[in-house]
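One structure is given here, and the rest of the page talks about it.
There are 2 protein chains.
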Amino acid sequence: MYERKTPLAIDCGLHLTREILNGKWKPSLLNAIAIGVKRPSEIQRLLPGATRRVLNVQLKELEEHGMVEKKIYPQLPPKVEYSLTAIGWSLMPVIDAMNQWGDANREFLETVISQDPKIRQTEKSACLMHSKMAVERRIG
Amino acid sequence: MYERKTPLAIDCGLHLTREILNGKWKPSLLNAIAIGVKRPSEIQRLLPGATRRVLNVQLKELEEHGMVEKKIYPQLPPKVEYSLTAIGWSLMPVIDAMNQWGDANREFLETVISQDPKIRQTEKSACLMHSKMAVERRIG
DNA sequence: TGGCCTAGGGATAATTTTATCCCCTATGCC
DNA sequence: GGCATAGGGGATAAAATTATCCCTAGGCCA
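Protein sequences appear in the order of chains Y and R.
Position 62 of the first sequence, counted from 1, bears residue number 116 in the working numbering, the numbering being contiguous throughout.
Position 24 of the second sequence, counted from 1, bears residue number 78 in the working numbering, the numbering being contiguous throughout.
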C-alpha cells in the first residue's frame, strides 16, 4: 500500500481540517450523504464527473477518518448505505460555508478561474441540484 | 508553463471553493494575512513547514484568483505587503469554520489521522498561535 | 449459457502538486 | 571582494493524487 513520505502537517485546525477534506470529491461526498443520497450507485449518479473507483477510495478514507459510516445489508444484489457520523455532521457547517461562498461568488470565480492560463477547459456536470438541496436542508 | 490537462470541475459552489483553496498552504496564507501577517518574510516565519518557493507560488495563485493584493514598495531593500481583497475577506468565514472545527476536534482528528496506515509521521510547527490569533480576531 | 444488477478492489499509468537546488535584483557596509 | 538585506523565480526531481482498465462475487432471468 501507499505510504506517505513527507510528514503531515497537523499544527493548526486549518491543517487538520484540510487533511480530512483533502480529496477532489470529499466535500461533495459528505454533502451528498448529508442530503440523503446514500447508496453508492446514487452517489455515482449525482457525481458523474468522478469515476466509481475514486468515489470508493475517497469514501473509504472518509470512513477511516470517522466521518461516515457504512452499512452493508446482507442482500443480493448487495445494498450499501452510507451515513454521516456525529463528527461528520459537525463538519457540515464547513461544507455549507464552502458551498454558499462558492455559489454566492460564482460569476466572479468562474471568470478568474477561466482566465487562469493553466486552465484549458472547465466542466459542469449535474451537481447543481446538489447545492440547491443543500440550501434547502439549511433553510428548511 | 504547466497546463492542466483534465477539465476542471466547477459545477457546484463546493468545487469552486475547493479550487480557490486548493493548495497545501492556501488556507494558512489567507489566515495569516487576515491576522495581519503581511510581509513575505513574516509569513515565512509563521509557516516554517513551507518553503519560500511554495509560499510564493501559492500567494501568486491567490493573487491571480483575486483573493489577495500585493503592494510593492519601491524601496531598497524591497518591501512587499499582502492584503486581502473584499472577496478574500468574504472567504474568511470559511477559513474560520475550518479552523474552529479542526481545533474543536483536535484530539479525535489527531488520533484517526495517526492511525491511518498511510501516515508515518506528523509534524507540528509553530502555527498554533495562528489559530489563537484567528480566534481573537473573530471574538474581538 | 450468457448477460444484468450492485458493489468492490488490484495494478498501473497519467496528471497534478510540492520539494529541492540554485541563481538573480540592487544597495550598503566591513 | 564578500556578505547581508528582502524578495523573486527557473528547472527539475520527487511525491501525492486521480484516472484507466479490468477482474471478482452471487443470484436472477431469458
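Ideal Cβ placement from N, Cα and C applies to all residues, glycine included.
Quantities reported herein were computed from a predicted structural model and do not represent experimental measurements.
Could you check whether Leu62 of chain Y and Thr165 of chain R sit closer than 8 Å to each other, using their CB atoms as the reference points?
no
Quick one: what does DSSP say Glu73 of chain R is sitting in, helix, strand or coil?
helix
Decide yes or no for the touch test of the stretch 88-99 of chain R against the stretch 58-73 of chain R: beta carbon pairs closer than 8 Å, at least 3 of them.
no
With distances taken Cα to Cα, identify the nearest neighbour of Gly103 of chain Y among Y:Arg93, Y:Lys114, Y:Gly120, Y:Leu83.
Y:Leu83
Please state if the CB of Ile87 of chain Y and the CB of Val134 of chain Y are separated by a distance shorter than 8 Å.
no
Compare the Cα-Cα distances from Arg160 of chain Y to each of R:Thr60, R:Arg58, R:Cys66, R:Trp143 and report the closest residue.
R:Cys66
Residue from R:Gly142, R:Glu57, R:Gly120, R:Ser137 whose Cα sits closest to the Cα of Ile126 of chain R
R:Ser137
Considering Leu138 of chain R, what are the terminal residues of the beta strand (DSSP E) in which it resides?
133-138
Are any of the Cβ atoms in chain R nearer than 8 Å to that of Gly67 of chain Y?
yes
Given that a residue counts as buried once 16 or more other Cβ atoms are within 10 Å of its Cβ, and exposed if not, what is Val91 of chain Y?
buried
Which class does Lys114 of chain Y belong to by DSSP, given the choice of helix, strand or coil?
helix
Suppose contacts are defined by Cβ-Cβ distances below 8 Å. Is Val108 of chain R in contact with Trp79 of chain R by that definition?
yes
Taking C-beta pairs closer than 7 Å, name the residues in chain Y that Thr71 of chain R reaches, listed in chain order.
Met152, Trp155, Gly156
Could you confirm whether any beta carbon from chain Y is found closer than 8 Å to the beta carbon of Leu116 of chain R?
no
Verify the CB distance criterion: does Gly103 of chain Y have a CB-CB separation below 8 Å to chain R?
yes
Starting from the C-beta of Asn110 of chain R, find all residues in its chain whose C-beta is less than 8 Å away, skip the five residues before and the five after it, and write them out in chain order.
Pro94
Closest residue to Glu117 of chain Y among Y:Ile141, Y:Ala151, Y:Arg58 (Cα-Cα distance):
Y:Ile141
Taking the beta strand (DSSP E) that Lys125 of chain Y falls in, what are its first and last residues?
122-127
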